[in-house]
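>
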Amino acid sequence: MRPVNRGNMPKQEDGVTDKVYTSYKQAKDDLKKSLGAYCSYCEMGIENQVDIEHVIPKNHNPSLENDWNNFLLACKSCNIIKSDKNVSRNGYVFPDTHNTSFLYEYLIDGVSVKNDLHEVTKALAKATFDLVQLDRKVDTSGMTDDRKLARNNSWEKAQEALKDFLELPEYDAMIRQTARSCNGFFSMWIQIFQDYPEVKKAILENVNGTDMQCYDKNFNPRNDLSR
Ligand SMILES: [Zn+2]
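Numbering of the sequence shown is given in my numbering, commencing with residue 930 and proceeding in unit increments.
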């Protein structure tokens, strides 16, 4: 799960005064600009189907309904599944407050909580994993979960990109091209390109909002929840 920084409250046209949202929907463009149009949980590209996600659900804390610091972006699946299940942020990790880069492992047909985490970390990672059912295989109508389909496609694409990367000689151009071909599921791509720091750097820097402090000097996830 890509750790993100949404940045400070966006400013009004004068560049000085904080914006005031009278409806959370008004934050959509600012959020897309600061985080990229990707689900903050599953990392799927959601350019035309962006949901504004309230980390603390608005019915549990109405005062945070229009609060910039309570917003993330989510796909329909993550948003609907999470719904208002969490009463607060306690007992979970979230990509805007924790280093969530090292908690999950991507496999050819799924995603799971990493096995070698410390017990407390693992419990928090699992709670968030369950909150959005990150590895759901079928949706409520019995059809393949959209996120699973998109993630599997992206897995294939990343494997092909890796093959191209290893075969083609123009190293710098290939780094740029590889990063450009990554259209979401960043954590999975980072895992697949784990041996190539320059590619990981380009992938992470190609999208707004990634908290680079959550990665080490080789652009591998740091094994530490703190920010
Ligand atoms: Zn999602």
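Beta carbons are placed, not taken as given, at the ideal position from N, Cα and C, and that holds for glycine.
#1: From this set, Arg1018, Asp1140, Gly944 and Asn1082, which residue's C-alpha is nearest Asp1038's C-alpha?
#2: How close, in whole Å, do the beta carbons of Asn1137 and Ser963 come, if the pair is a contact with beta carbons under 8 Å?
#3: Runs of 4 residues minimum, wholly inside the region 1052 to 1108: which ones carry the alpha helix (DSSP H) assignment?
#4: Closest by CA to Lys1014, which one among Thr1029, Asn990, Thr1026 and Asp959?
#5: Output the residues surrounding ligand 1, defined as those with a CB atom closer than 7 Å to any ligand heavy atom, in chain order.
#6: For the candidate residues Leu1063, Met1072, Ser992 and Asn1149, whose alpha-carbon lies nearest to that of Leu1036?
#7: What are the start and end residues of each continuous beta strand (DSSP E) run of 3 or more residues lying completely inside the region 986 to 1016, in chain order?
#8: On the premise that Ile1009 lies in contact with Asn999, defined as a C-beta separation below 8 Å, what is that separation, rounded to the nearest angstrom?
#9: Within its chain, find whatever has a CB closer than 8 Å to the CB of Pro1024; leave out the 5 residues flanking it on each side and keep chain order.
#10: Return the first residue and the last residue of the alpha helix (DSSP H) that Ile1119 is part of.
#11: Less than 8 Å between C-beta atoms, sequence neighbours within five positions excluded: which residues of the same chain meet that for Met1117?
#12: With DSSP collapsed to three states, give me the class of Phe1139.
#13: Just to confirm, are Gln978 and Cys1007 a CB contact at a threshold of 8 Å?
#14: Three or more beta-carbon pairs under 8 Å between the region 1015 to 1022 and the region 1042 to 1059, yes or no?
#15: Closer than 7 Å to a non-hydrogen atom of ligand 3 - does that hold for the CB of Pro939?
#16: In this structure, what does DSSP give as the bridge partners for Leu1036?
#17: Cutting at 6 Å between CB atoms, please list the residues of its own chain near Gln941, excluding the five before and the five after it.
#18: Counting C-beta neighbours from all protein chains within 10 Å, is the total for His1047 16 or more, i.e. buried, or is it exposed?
#19: Provide the residue span of the alpha helix (DSSP H) that contains Asp958, from first to last.
By the coordinates alone:
#1: Asn1082
#2: 6 Å
#3: 1075 to 1096
#4: Asn990
#5: Cys968, Tyr970, Cys971, Met973, Ala1003, Cys1004, Ser1006, Cys1007, Val1061 and Arg1076
#6: Leu1063
#7: 1000 to 1003
#8: Not quite, the Cβ-Cβ distance comes to about 18 Å (not below 8 Å), so this is no contact.
#9: Met930, Arg931, Pro932, Val933, Ser969, Tyr970 and Leu1001
#10: Phe1115 to Ile1121
#11: Glu972, Tyr1035, Val1040, Arg1080, Ser1083, Trp1084 and Ala1087
#12: The question names Phe, but residue 1139 in the sequence shown is Thr. The answer is strand: DSSP assigns Thr1139 an E or B state.
#13: no
#14: yes
#15: Judged by which ligands are present, ligand 3 is missing from the structure shown, whose ligands are ligand 1.
#16: Gly1039
#17: Lys948
#18: exposed
#19: Lys957 to Leu964
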